[in-house]
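Engineer: If you scroll down you'll find the structure; I have some questions about it.
There are 2 protein chains.
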Amino acid sequence: MAVYTEVTDDALRAFLAAYDLGALVAFRGIAEGVENSNYSLRTDTGDFILTLYEKRVDPAELPWFLGLMEHLAGRGISCPRPVAGRDGASLRGLCGRAAAITTFLPGVWPRQVRAWHCAPLGEALAALHLAGADYAPVRPNALGPAGWPKLLDRALDSAAAVEALSPGLGARLRAALARILAGWPDSLPRGHIHADLFPDNVFFLERRLSGLIDFYFAATDLLAYDLAVCLNAWCFGADFSFDVGKARALLGGYAARRPLSAAERAALPVLAQGAALRFTLTRLYDWVHTPPGALVVRKDPMDYVRRLEFHLGVGDAGAYGI
Amino acid sequence: MAVYTEVTDDALRAFLAAYDLGALVAFRGIAEGVENSNYSLRTDTGDFILTLYEKRVDPAELPWFLGLMEHLAGRGISCPRPVAGRDGASLRGLCGRAAAITTFLPGVWPRQVRAWHCAPLGEALAALHLAGADYAPVRPNALGPAGWPKLLDRALDSAAAVEALSPGLGARLRAALARILAGWPDSLPRGHIHADLFPDNVFFLERRLSGLIDFYFAATDLLAYDLAVCLNAWCFGADFSFDVGKARALLGGYAARRPLSAAERAALPVLAQGAALRFTLTRLYDWVHTPPGALVVRKDPMDYVRRLEFHLGVGDAGAYGI
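Residue numbers (this note's numbering), protein chains in the order written: chain A, 126 to 447; chain B, 126 to 447.
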């Protein structure tokens, strides 16, 4: 469900009057996405996406996100490009929310990840990192390692709910966090990362990657951490078995465009542990804080606890196929 | 939220192979709709809607619904037209559901009903009734008056929940049902009705009605009952005040294409009471039977109790502006 704010006809008409997009042809809510309200918008000049930014997104940060997308699109990355109104602005108010129109990307996100998705994914991630190098503004990663202790504390405020999920889970997560932070590599190459490149944010057409979407978790952080997120999001089966063939394809595709340094390769296990912990913590927080009856699908934190346990057992990057 | 069944890439590819629609370009879940899973589907030959029929729809009835849509589209009604595969069939299996592709209709459904929507709505409803006259198959209306006593009984199984909603509500609904059934007009003109023509099922482009969708409550029943559904769905304000201007426009638009008989006009109050009761009952049933925590928006039954109370107080069709 991804329409939290209903856009009235009059409000839409007034909003579109600020653009040179021609007459409205169709306007439908999009089911995908969980953070913002997204509509597919067709006018007689083409197809677009209208996004209303909901409460998780800080409006003050939107210029950074939209600026990054504009920058990346200008350097050939296939990502949504903000569409400016006649006043030159791509961000304006609609129904009490900040809102923007972006270009429509063709493609379909893979409901089932196959090994052949992973090399193009790695290549696209490397291309994104390289294209972002000269985007000057910086956004610290609030969901990076500096934010994890507080996230864990807030989840463990509901100690009984966490214990109910898995006995001893709180203590195991505290131990994992301490170990990960102690081994965290701070001197690896940094840049702008997507930070949430799950399958539903990557479009394919035939066997070609056709676009990357949803940059609203993007931040400035370790580039190899983005790969670690993808190792978690793309390389495990439904039974939580790790698919080393997918990992090899992902890392190989990446390295073909941006070779990993020896330090980055060596850090992959702890980066993958950190990425698994990050998604465990946000899911755990949502799990224990979502009231029963809320209209939100709570994602099972244990899916990422299992990934975390896998990565904690990894000796070196050889386990990822390189 | 209207994606209950996720369609995997492989399943979609195999499904589309049965059609001559060209290569897949985009595939996105549609947020609107509550009964079935709907996807917007683009191929290099055009835009379509893919619907997977979920549990409320009896697969045995789908040929009737799709046949009606095909029939109406063939007679110039702007409604989704089933797209046949190479084998001539427009209904086949996908991910364990019956599924069909229909044509895409341009337009936007009105989030705020204005008086100017109502005359075109009435005209389109009359055109639908006239165009359906020579569609021979019949579908009894399971949600018509014959079904209301059982629906009320099943809702009142949870007497405490109904009482909690409004003290005395159960008794008031029993009395209303008895009065409505006693006055129900059985000899009015019959035909195929849409039976669920709410604003989210009617598209407009500029100020023109561009299409009618979602025929999965359609049935064979009193034609004027369809108007009574629209009186309820389109002619009340957010404060439940009745807008006689909208009603006059609706009924006038309808009568311009299909004049109402004196008996139909006289029956409007009881038909409107019945329509209000029908939506009260299904909402009430869902209200008392939806477990807390279910991922479904429960619509407040009291919205229709208030409409019912208005119509119970109406003396004659003059209250509707005619």
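From the three backbone atoms N, C-alpha and C, an ideal C-beta is built for every residue, glycine too. Just so it is clear, the structure is predicted and the values come from calculations on it, not from any experiment.
If you drop the 5 nearest sequence neighbours on each side, which residues of the same chain put their C-beta closer than 7 Å to that of A/G295?
Structural biologist: Around A/G295: L281, A284, V287, E288.
Engineer: A/D441: buried (16+ other C-beta within 10 angstroms of its C-beta) or exposed?
Structural biologist: A/D441 comes out exposed.
Engineer: Span of the alpha helix (DSSP H) holding A/F435?
Structural biologist: It spans 427 to 437 - the alpha helix (DSSP H) in which A/F435 sits, taken as one unbroken run.
Engineer: B/R239 to B/V182, Cα distance in whole Å?
Structural biologist: Distance between the alpha carbons of B/R239 and B/V182 is about 32 Å.
Engineer: Between B/D339 and the rest of its own chain, which residues show a CB-CB distance below 6 Å, the 5 nearest in sequence each way excluded?
Structural biologist: The answer, listed in chain order, is N326.
Engineer: Excluding five sequence neighbours on each side, which residues of the same chain lie with their C-beta closer than 6 Å to the C-beta of B/H196?
Structural biologist: Y260, listed in sequence order.
Engineer: Could you please tell me which residues of the segment 136 to 153 of chain A, in chain order, have their CB closer than 8 Å to any CB of chain B?
Structural biologist: Going along the segment 136 to 153 of chain A in chain order, one finds L137, A148, L149, V150, A151, F152, R153 with a Cβ nearer than 8 Å to chain B.
Engineer: Starting from the C-beta of A/L306, find all residues in its chain whose C-beta is less than 7 Å away, skip the five residues before and the five after it, and write them out in chain order.
Structural biologist: These residues qualify, in order along the chain: P270.
Engineer: Just the C-alpha distance for B/A400 and B/E434, rounded to the nearest angstrom, thanks.
Structural biologist: Whole-angstrom Cα-Cα distance: 12 Å.
Engineer: Using the rule of at least 16 other Cβ atoms within 10 Å of the residue's Cβ for burial, across every protein chain shown, is B/W309 buried or exposed?
Structural biologist: Buried is the call here.
Engineer: Between B/D278 and B/F404, what straight-line distance do the alpha-carbon atoms span, to the nearest angstrom?
Structural biologist: Each residue's Cα considered, the two are about 15 Å apart.
Engineer: Look up B/P274 in the DSSP assignment and say whether it is helix, strand or coil.
Structural biologist: Three-state DSSP puts B/P274 in a helix.
Engineer: What did DSSP end up calling A/G221 once you bin it into helix, strand or coil?
Structural biologist: In the structure shown, A/G221 sits in coil (DSSP, three-state: anything other than H, G, I, E or B).
Engineer: Could you spell out the range, first to last residue, of the beta strand (DSSP E) harbouring B/H317?
Structural biologist: Start and end: 315 to 318.
Engineer: Please name the residue in A/G247, A/V439, A/A380, A/Y445 whose C-alpha comes closest to that of A/G336.
Structural biologist: The shortest C-alpha separation from A/G336 is found at A/G247.
Engineer: Could one say the Cβ of B/E157 lies closer than 9 Å to chain A's Cβ atoms, at least one of them?
Structural biologist: Answer yes: the Cβ-Cβ gap between B/E157 and chain A drops below 9 Å somewhere.
Engineer: Check distances from the C-beta atoms of the segment 228 to 243 of chain A to those of chain B and list, in chain order, the residues that come in under 7 Å.
Structural biologist: Within the segment 228 to 243 of chain A, the residues whose Cβ lies closer than 7 Å to some Cβ of chain B are P231, G232, V233, P235, R236, Q237, listed in chain order.
Engineer: Between A/L290, A/G377, A/G438, A/A300, which has its C-alpha nearest A/D428's C-alpha?
Structural biologist: Closest by alpha carbon: A/L290.
Engineer: Since B/L330 meets chain A, which of its residues come closer than 9 Å, beta carbon to beta carbon?
Structural biologist: Those within 9 Å of B/L330 in chain A are A148, L149, V150, A151.
Engineer: Measure the C-alpha to C-alpha separation of B/M126 and B/Y178 and round it to an integer number of angstroms.
Structural biologist: Low confidence applies to B/M126: its pLDDT is 39, below 50, so where it sits in the model is not reliable, and the reading given next is rough at best. Distance between the alpha carbons of B/M126 and B/Y178: 14 Å.
Engineer: Sort out for me which residues DSSP pairs B/R167 with in a bridge.
Structural biologist: B/A151, B/D172, per the DSSP bridge assignment.
Engineer: Run down chain B in chain order and give the residues with a C-beta less than 8 Å from the C-beta of A/E160.
Structural biologist: Neighbours of A/E160 on chain B: none; closest Cβ ~14 Å, over 8 Å.
Engineer: If we ignore side chains and look at the alpha-carbon of each, how far apart do A/V263 and A/F323 end up?
Structural biologist: A/V263 and A/F323: Cα-Cα distance of roughly 23 Å.
Engineer: Give a yes or no on whether 9 Å exceeds the smallest Cβ distance from B/S283 to chain A.
Structural biologist: No, no contact with chain A.
Engineer: Using a threshold of 9 Å, state whether the C-beta atoms of A/L146 and A/T168 are closer than that.
Structural biologist: Going by C-beta atoms, A/L146 is nearer than 9 Å to A/T168.
Engineer: If the cut is a Cβ gap below 9 Å, which residues of chain B does A/S203 touch?
Structural biologist: Within chain B, no residue comes near A/S203; the closest Cβ sits about 13 Å away, beyond 9 Å.
Engineer: Following the continuous alpha helix (DSSP H) through A/L187, name the residue where it begins and the one where it ends.
Structural biologist: Counting along the chain, the alpha helix (DSSP H) containing A/L187 begins and ends at 187 to 199.
Engineer: State the DSSP-derived secondary structure class of A/T405, mapped to helix, strand or coil.
Structural biologist: It is helical.
Engineer: May I have the straight-line CA-CA distance separating B/L302 from B/L406, to the nearest angstrom?
Structural biologist: Going by the C-alpha atoms only, they are around 10 Å apart.
Engineer: Using alpha carbons as the reference points, say which of B/D135, B/D411, B/R332 lies closest to A/L149.
Structural biologist: Ranking B/D135, B/D411, B/R332 by Cα distance to A/L149 puts B/R332 first.
Engineer: B/P265 by DSSP, collapsed to three states: which one?
Structural biologist: Reduced to three states, the DSSP call for B/P265 is strand.
Engineer: Hey, quick one: how far does the alpha helix (DSSP H) through A/D134 stretch, first residue to last?
Structural biologist: First-last of the alpha helix (DSSP H) with A/D134: 134 to 141.
Engineer: For B/F152, I'd like the list of residues in its chain whose CB is within less than 7 Å of its CB, leaving aside the five on either flank, ordered along the chain.
Structural biologist: For B/F152, where only same-chain residues beyond five positions count, the Cβ hits under 7 Å are L137, Y164, L166.
Engineer: Three-state secondary structure (DSSP) at B/R279?
Structural biologist: In the structure shown, B/R279 sits in a helix (DSSP, three-state: H, G or I).
Engineer: In whole angstroms, what is the alpha-carbon distance linking A/G438 and A/K424?
Structural biologist: Their Cα atoms are separated by approximately 24 Å.
Engineer: Since B/R494 is in the beta strand (DSSP E), which residue starts that stretch and which ends it?
Structural biologist: Given a span of 126 to 447 for chain B in the structure shown, any question on residue 494 of chain B remains unanswerable.
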